[in-house]
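Chains as they are written, first to last, in the working numbering: chain A, 96 to 186; chain B, 2 to 28.
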């Protein structure tokens with residue numbers, strides 16, 4: 096496999112970011128849940144792509160679609176959204 | 002200390018792999 100060992104900088108940034116979102120949406124757990132769901136879907140599709148499990152006619156989520164879905168969730172949280180952009184390969 | 006559920010950890014994993022991809026692209 097091409098699995099990379101955890102890179103401390105990216106990993107720590109991701110931990111801090113997820114923690115920040117979790118705290119920010121403590122009163123709105125459905126928003127946090129939806130965020131997790133978007134990432135989960137993206138991750139699952141990336142894995143399928145790598146393994147060649149492509150369903151004909153099915154278009155997996157692109158990074159910009161992930162970004163726009165998250166943008167809808169984080170409407171009034173510009174700081175969270177711009178920080179999210181720092182994680183995306185080509186947002 | 003953080004109180005992370007498996008779903009939280011999965012999000013951390015996804016975000017950090019995205020960030021690593023981004024870094025690889027920028028190199």
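Virtual Cβ for every residue (Gly too), placed ideally from N, Cα, C.
Because the structure is a prediction, the values reported are computed rather than measured.
Quick check: is the beta carbon of residue i nearer than 7 Å to any beta carbon in chain B?
i	result
residue 166 of chain A	no
residue 148 of chain A	no
residue 120 of chain A	no
residue 109 of chain A	yes
residue 184 of chain A	yes
residue 125 of chain A	no
residue 172 of chain A	no
residue 106 of chain A	yes
residue 144 of chain A	no
residue 134 of chain A	yes
residue 131 of chain A	yes
residue 96 of chain A	Low local confidence applies: a pLDDT of 41 at residue 96 of chain A is under 50, so the model's placement there is unreliable, with the coordinate-based value given in what follows. By this cut-off, residue 96 of chain A is not an interface position.
Is there at least one Cβ from chain A nearer than 7 Å to residue i's Cβ?
i	result
residue 15 of chain B	yes
I'd like to check one pair, residue j with residue i: are the Cβ atoms closer than 7 Å?
i	j	result
residue 127 of chain A	residue 156 of chain A	no
residue 158 of chain A	residue 183 of chain A	yes
residue 109 of chain A	residue 168 of chain A	no
residue 165 of chain A	residue 9 of chain B	no
With 16 as the cutoff for other CB atoms within 10 Å, does residue i come out buried or exposed?
i	result
residue 105 of chain A	buried
residue 134 of chain A	buried
residue 13 of chain B	buried
residue 117 of chain A	buried
Using 6 Å as the cut-off, classify the Cβ of residue i as near or not near the heavy atoms of the ligand GDP, replying yes or no.
i	result
residue 109 of chain A	Absence of the ligand GDP from the depicted structure is noted, as is the absence of any ligand whatsoever, leaving it without description.
Pick out the complete alpha helix (DSSP H) segments inside the segment 124-172 of chain A, 4 residues or longer, and give them in chain order.
124-145 and 158-168, all fully within the segment 124-172 of chain A.
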